[in-house]
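Input: a single structure, listed below in structure tokens.
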Amino acid sequence: MKLGLIGYPLTHSLSDKLHNIVLSKLGYDVKYELIKINSSDDLPDFLREAKERYIGLNVTSPYKEKVMNFLNYINEEAKLIGAVNTIKFNKKRIDGYNTDAFGFDNLIILNKVETQDREALVIGGGGAARAAIYSLLKLGSCVSIVNRKIAKSLSVGSHFIRQDYKINVVTFDCSSLKEAVRKADILINATPVGMYPHIDESIISGDYLRDYTTVIDLVYNPFKTKLIKLASEKGCQTLNGVDMFVAQAAKSLNIWLEKNIPLKLVRETFDEL
597 MKLGLIGYPL THSLSDKLHN IVLSKLGYDV KYELIKINSS DDLPDFLREA
647 KERYIGLNVT SPYKEKVMNF LNYINEEAKL IGAVNTIKFN KKRIDGYNTD
697 AFGFDNLIIL NKVETQDREA LVIGGGGAAR AAIYSLLKLG SCVSIVNRKI
747 AKSLSVGSHF IRQDYKINVV TFDCSSLKEA VRKADILINA TPVGMYPHID
797 ESIISGDYLR DYTTVIDLVY NPFKTKLIKL ASEKGCQTLN GVDMFVAQAA
847 KSLNIWLEKN IPLKLVRETF DEL
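Position 267 (the sequence shown) corresponds to 863 in our numbering; numbering is contiguous.
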């Protein structure tokens, strides 16, 4: 039996390397694969066939929301977030979970980021953005979302408003974005911008940043994205996506293997890559 990651593109991913070494250390004869799915139209057939060969799967962009349509069970937290990044094949049932929020919580706690009553701006609209928003709202932040497509921002915002959360939607034009960034105590890039191989791109101009802002880029490859470099030059506290990536991976392994996998082991393994 196998594990794997589905999404597109996957050239940036270190998931296979990390999981395969961890599984080997734990004594499991299980292989973790990267599985490119070119279109959401391919998801139903792939999942039906995967039940016979896989214990479970991770899901990455752009399918964390779309995959929910093809699952038999979705746990409560994943429903609240509106995205699934972990699938477990349970006999004839396909179960969906979200471990991204656990990963984001871990990033915030490990790095002692103050969130209560702080202004947080999340750039993005996919599954990672939803998990970050969910965590920040739980942690008492005043959250705003901005996306290049206003319809996407409104859709995500409405999802959380229906849960009685307050969330502000910012339009992606220069003046509104600049004002929102300058107002933010915490800025989260939850888009793929700056990810390998497009390492010379930043989602915002460094001129927008102020030194009191904590800048979190959920990209983990490269460790220092263009945004992180720009923020460092401004004197901001900067954090990449490694802590989130490692923690969500450990949580996914817990679900698949039904065993408590030490987070320390997964982190040490990542540092060896």
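All C-beta atoms, glycine included, are put in the ideal place defined by N, C-alpha and C. All figures in this text were calculated on a predicted structure; none of them were measured in a lab.
For residue i versus residue j, is the C-beta spacing smaller than 7 angstroms?
i: residue 604; j: residue 634; result: yes
i: residue 727; j: residue 718; result: no
i: residue 871; j: residue 746; result: Residue 871 cannot be examined here, being either before or after the span of the chain that is shown, 597 to 869.
i: residue 839; j: residue 733; result: no
i: residue 611; j: residue 601; result: yes
i: residue 802; j: residue 826; result: yes
i: residue 692; j: residue 712; result: no
i: residue 763; j: residue 739; result: yes
i: residue 786; j: residue 720; result: yes
i: residue 805; j: residue 830; result: yes
i: residue 674; j: residue 702; result: no
i: residue 646; j: residue 715; result: no
i: residue 709; j: residue 607; result: no
i: residue 798; j: residue 774; result: no
i: residue 538; j: residue 765; result: Within the shown structure, residues of the chain are numbered from 597 to 869, placing residue 538 beyond reach of any answer.
i: residue 631; j: residue 597; result: no
Exposed or buried, residue i, counting other C-beta atoms within 10 Å across all chains shown (16 or more means buried)?
i: residue 819; result: exposed
i: residue 698; result: buried
i: residue 661; result: buried
i: residue 783; result: buried
i: residue 844; result: buried
i: residue 669; result: exposed
i: residue 643; result: buried
i: residue 832; result: buried
i: residue 808; result: exposed
i: residue 609; result: buried
i: residue 665; result: exposed
i: residue 857; result: buried
i: residue 654; result: buried
i: residue 817; result: buried
Could you tell me if the beta carbon of residue i falls within a distance shorter than 6 angstroms of some heavy atom in the ligand NAD?
i: residue 688; result: As for the ligand NAD, it is missing from this structure, which has no ligand bound.
State the CB to CB distance for the pair residue i and residue j, rounded to an integer number of angstroms; the pair is presumed to be in contact (CB under 8 angstroms).
i: residue 795; j: residue 813; result: Their Cβ separation, rounded to whole angstroms, is 12 angstroms, which puts residue 795 and residue 813 out of contact at 8 angstroms.
i: residue 836; j: residue 815; result: 7 angstroms
i: residue 788; j: residue 657; result: 6 angstroms
i: residue 700; j: residue 731; result: 4 angstroms
i: residue 696; j: residue 723; result: 6 angstroms
i: residue 618; j: residue 865; result: 5 angstroms
i: residue 667; j: residue 690; result: 5 angstroms
*Jot down the residue ranges of each uninterrupted beta strand (DSSP E) in the region 640-711, minimum 3 residues, whole runs only, in chain order.*
650-655, 682-686, 689-693
*Pairing CB atoms from the region 678-691 with CB atoms from the region 834-853, are three or more of them under 8 angstroms?*
yes
*Taking one C-beta from the region 853-867 and one from the region 618-631 each time, how about it: are there three or more such pairs within less than 8 angstroms?*
yes
*asked:* What ranges does the alpha helix (DSSP H) occupy inside the region 734-760, keeping only unbroken runs of at least 4 residues that lie completely in it?
replied: 746-757
*Which whole runs of the beta strand (DSSP E) in the region 784-824 are 3 residues long or more, in chain order?*
810-813
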